[in-house]
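Under full-length UniProt numbering, the residue at position 638 of the sequence shown is numbered 638, and the numbers go up by one with no gaps.
Glycine included, each C-beta is placed from N, C-alpha and C at the ideal position.
Note that the structure is predicted; figures quoted are calculated from it, not measured.
Some notes on the structure that comes next.
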Amino acid sequence: MGKLRFRQVHLDFHTSEKIVEVGNAFDPQEFAHTLKEAGVDSITCFARCHHGMIYYDTKFPARHPGLKRDLLREQIEACHAVGIRVPIYITVGWDEYMAKQHPEWLERMPDGRPYGAGPLEAGWKHLCFNTPYIDYVEEQTIEVLEKFGDEVDGLFFDIIIQHPCCCSYCMEGMERAGLNPEDPEDRKKFAKQVLDAFKRRMTATVRRYNKDCTIFYNAGHIGPSIRDTLDTYTHLELESLPSGGWGYEHFPITVRYARNLGYEYLGMTGRFHKSWADFGGFKNQAALEYECFTALAHGAKCSIGDQLHPSGAINKATYKLIGSVYSQVKEKEPWCDDVTAVTEIGVFTPEAIEDTAVRLHPSLRGAYRMLEESHYQFDVIDEQMDFSRYRVIILPDVITLDEALKDKLESYVANGGKLLLSYKSGMARGQQQFVLSGMGVELVGDAEYSPDYVVAGEAINQGLFDTEYVMYDRGLWVKPQEGTRVLASIWNPYFNRSYKHFCSHRQTPPEKESGYPAVTQKGSVIYFAHPVFSMYHKHGARVYKQLVVNALRLLLPDKLVETNAPTTAHMLLNYQKPHNRYVLHILHYIPQRRCEEIDIIEDVIPLYNVEVKVKLSSKPERVYCAPKGTQLDFEYTDGYVKVVVPRVEGHEMVVFEQGVK
Ligand SMILES: [Zn+2]
């Protein structure tokens with residue numbers, strides 16, 4: 001059984017020093033009782049906030065001037081009395097109090113301006129992790145550890161972000177480290193070293209005082225760069241508020257990577273209509289259900305962000321909302337603990353490659369959409385993960401290879417693995433040349449025409465018209481080698497559109513076949529000449545997804561989950577080892593862009609009579625919907641168990657009990 005609790009709250013408390021009465025309406029009994037009623041079993045409370053204010057009896061001068069009580073201690077005692085964990089929050093990167101006292105501790109851009117909010121703006125300034133400020137962070141953390149002793153369940157360090165910095169400390173530091181401050185790459189490298197050193201130092205310090213509290217360093221995202229210091233964490237918290245700038249794609253993509261790092265993890269959303277500190281802004285219940293149940297479906301525990309009112313009075317409406325969802329989470333938990341995802345495809349993340357290391361590369365978003373909408377079971381992977389777990393690996397658009405990755409992929413294919421790659425994937429890193437052996441194509445160069453068109457051959461034309469489909473973005477011209485099969489071909493327009501020659505309102509119509517392939521297959525490797533994944537993210541044309549899905553069928557004729565559910569339904573298959581059972585999550589919530597800034601979910605739109613076929617190596621003993629326990633009739637033929645789920649009301653779990661092992 002994991003140590004992380006299922007129903008957490010992250011209780012922000014960034015409270016301006018200009019508010020004169022703080023915590024005056026805090027009632028410990030009411031606080032704990034309200035949380036308990038809402039089913040909350042862990043709540044992260046504040047030692048020090050972004051204003052730099054401290055909320056317990058401290059020796060430091062930054063104690064909130066309006067605070068007349070030992071608030072954090074009272075919160076901890078009240079919660080512990082009713083069995084609720086209380087990890088402690090400590091800000092690092094943003095501290096207004098210290099930023100004002102010590103402007104020399106601010107991170108500086110190369111022109112000397114500090115990062116973050118300017119002097120006339122309301123907002124946070126960024127403190128540099130390479131300054132004596134970090135001594136203060138450490139001393140204050142030690143104070144927390146000493147004061148609260150065994151009552152410290154965990155520490156949550158926030159804003160663990162260091163920009164490339166040219167403050168005087170970093171200028172000296174780079175000199176000493178033999179790095180060149182004039183080189184942006186060296187500045188980036190130094191920032192990473194500083195950040196990693198901070199985590200090592202803090203974890204070592206914490207462990208001198210507390211052997212087993214949880215430790216987490218938050219940067220609002222988890223990607224491959226966490227690997228160097230993964231051992232300084234005890235678990236992972238995936239901050240991802242869909243309406244707070246992260247969007248609905250961030251969590252499912254990120255968790256599909258993070259769940260392979262060997263740690264317990266939680267998904268953190270917010271109760272806010274928009275983002276953090278949205279006082280008076282409430283998320284629709286259906287949206288909060290979707291976000292929490294999505295966490296469960298990905299094997300994560302749940303955390304909901306809230307902010308406590310400066311008075312310390314807990315908002316009853318908020319906990320009515322949270323309780324309405326957490327009561328359901330509680331019922332679902334027995335099928336969601338200690339699960340591992342059952343997957344068939346690994347999507348290699350561009351974030352693992354320096355040149356394409358952005359948070360959500362368009363090609364990754366496109367691949368995620370295609371696979372999720374087609375009900376495939378997949379992970380997001382980097383070069384250190386075990387490739388042999390996947391029947392197919394996808395290298396979307398921009399996965400260039402160094403020697404190690406090239407070798408690993410080639411031996412994966414030699415051992416029976418299958419590859420689907422597109423555009424520049426398979427090229428040597430930093431070069432315009434394919435190096436992956438067995439791809440079956442040679443590079444000619446960038447396609448001379450764009451937009452151009454694709455005509456799919458019989459092998460991959462299911463669900464498509466027999467016609468030319470436009471490819472909005474420029475692809476490559478490649479030559480098939482001997483033994484390579486052409487699955488689709490490129491058609492050229494009469495000419496490229498320019499002031500010299502153009503035709504009608506948009507792209508020039510197709511004229512004739514180019515002689516170059518759009519999709520090829522050589523053995524177990526399928527190659528797309530266009531950046532189809534980024535294109536699906538950008539343009540959303542179903543044909544791009546359909547071509548990829550049709551190509552995948554050639555590589556993976558027996559996918560894990562087959563269904564007649566619509567593309568708006570998500571299907572996630574988990575295995576729960578302690579119970580020897582498979583749990584298929586079906587989610588059906590539809591985010592809609594109803595206003596300028598964010599996607600809204602208001603309704604639960606039920607699905608009826610969803611046919612599902614799940615590939616299982618043996619016949620289940622029984623199949624039922626959880627948590628209700630409704631038995632389902634099933635057939636087991638050709639390695640698939642087939643059921644009809646009568647009704648999916650937002651979220652349903654179909655359980656396949658395999659019997660005692
Ligand atoms: Zn600095």
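{"Check": "Opening and closing residue of the alpha helix (DSSP H) in which H250 lies", "Outcome": "H250 to A258"}
{"Check": "Start and end residues, alpha helix (DSSP H) containing Q101", "Outcome": "E96 to Q101"}
{"Check": "Exposed unless 16 or more other CB atoms sit within 10 angstroms - verdict on Q307", "Outcome": "buried"}
{"Check": "Buried/exposed call for V20, threshold 16 Cβ in 10 Å", "Outcome": "exposed"}
{"Check": "First and last residue of the uninterrupted beta strand (DSSP E) at residue 731", "Outcome": "Examination of residue 731 is not possible in this model, given that the chain is present from 1 through 661 alone."}
{"Check": "First and last residue of the uninterrupted beta strand (DSSP E) at E239", "Outcome": "L236 to E239"}
{"Check": "Same chain only: Cβ atoms within 7 Å of E657, ignoring 5 sequence neighbours per side", "Outcome": "R581, P620, E621 and R622"}
{"Check": "Counted within 10 angstroms of its Cβ, other Cβ atoms place D111 as buried (16 or more) or exposed", "Outcome": "exposed"}
{"Check": "Continuous beta strand (DSSP E) stretch holding Q521: start and end", "Outcome": "P510 to K522"}
{"Check": "Cβ contact (3+ pairs, closer than 8 Å) linking the segment 395-402 and the segment 526-535", "Outcome": "yes"}
{"Check": "Simplified DSSP assignment, three categories, for E74", "Outcome": "helix"}
{"Check": "Span of the alpha helix (DSSP H), counted from its first residue to its last, around G323", "Outcome": "K316 to K332"}
{"Check": "Rounded C-alpha distance that separates V435 from A428", "Outcome": "6 Å"}
{"Check": "Buried or exposed (CB count within 10 angstroms, at least 16 for buried), K500", "Outcome": "exposed"}
{"Check": "Option nearest E448 by Cα separation, candidates R187, V413, R389 and N496", "Outcome": "N496"}
{"Check": "Segment limits, alpha helix (DSSP H) that includes A404", "Outcome": "E403 to A414"}
{"Check": "For V137, the nearest candidate out of T205, F465, L72 and R108 (CA to CA)", "Outcome": "T205"}
{"Check": "Three-way DSSP call (helix, strand, coil) for K615 in this model", "Outcome": "strand"}
{"Check": "From Y133, A286 and I226, residue whose alpha carbon lies closest to that of I605", "Outcome": "A286"}
{"Check": "Contact test: N130 Cβ vs ligand 1 heavy atom, cutoff 8 Å", "Outcome": "yes"}
{"Check": "Straight-line gap, K522 to L555 (C-alpha atoms, nearest Å)", "Outcome": "11 Å"}
{"Check": "Those runs of the beta strand (DSSP E) which lie wholly inside the segment 132-198 and span at least 3 residues", "Outcome": "154-158"}
{"Check": "Ligand 1 heavy atom lying under 8 Å from the CB of Y169", "Outcome": "yes"}
{"Check": "For W124, three-class secondary structure by DSSP", "Outcome": "coil"}
{"Check": "Per DSSP, the bridge partner or partners of H579", "Outcome": "Answer by DSSP bridge pairing: none, since H579 is not bridged."}
{"Check": "Beta-carbon proximity list for N609, same chain, < 7 Å, skipping 5 on both sides", "Outcome": "V644 and P646"}
{"Check": "Per-residue DSSP class, three states only, for P451", "Outcome": "coil"}
{"Check": "G2 - DSSP class collapsed to helix/strand/coil", "Outcome": "With a pLDDT of 49 at G2, under the threshold of 50, the modelled position of this residue cannot be trusted, and the question is left open."}
{"Check": "Cβ neighbours of V543 in the same chain (closer than 7 Å, five flanking residues each side left out)", "Outcome": "L464 and Y469"}
{"Check": "Residues near D70 in its chain [Cβ-Cβ closer than 7 Å; skip 5 each side]", "Outcome": "Y56 and D57"}
{"Check": "Cutoff 8 Å; reference L321; Cβ partners in own chain excluding five residues on either side", "Outcome": "R271, F282, K283, Q285 and L288"}
{"Check": "Identified DSSP bridge partners for L480", "Outcome": "Here residue 480 is Pro; the residue named in the question, Leu, does not match the sequence. DSSP, once it has assigned bridges, lists V441 as partnering P480."}
{"Check": "heavy atom of ligand 1 below 8 Å from R108 C-beta", "Outcome": "yes"}
{"Check": "contact_flag[the segment 314-332, the segment 361-381] where n(CB pairs < 8 Å) is 3 or more", "Outcome": "no"}
{"Check": "Where the alpha helix (DSSP H) through M53 begins and ends", "Outcome": "Taken as a continuous stretch (DSSP letters only), M53 belongs to no alpha helix (DSSP H), as it is neither H nor E."}
{"Check": "F501 - containing beta strand (DSSP E), residue span", "Outcome": "What sits at residue 501 in the sequence shown is His, not Phe. Run containing H501: none; DSSP gives neither H nor E here."}
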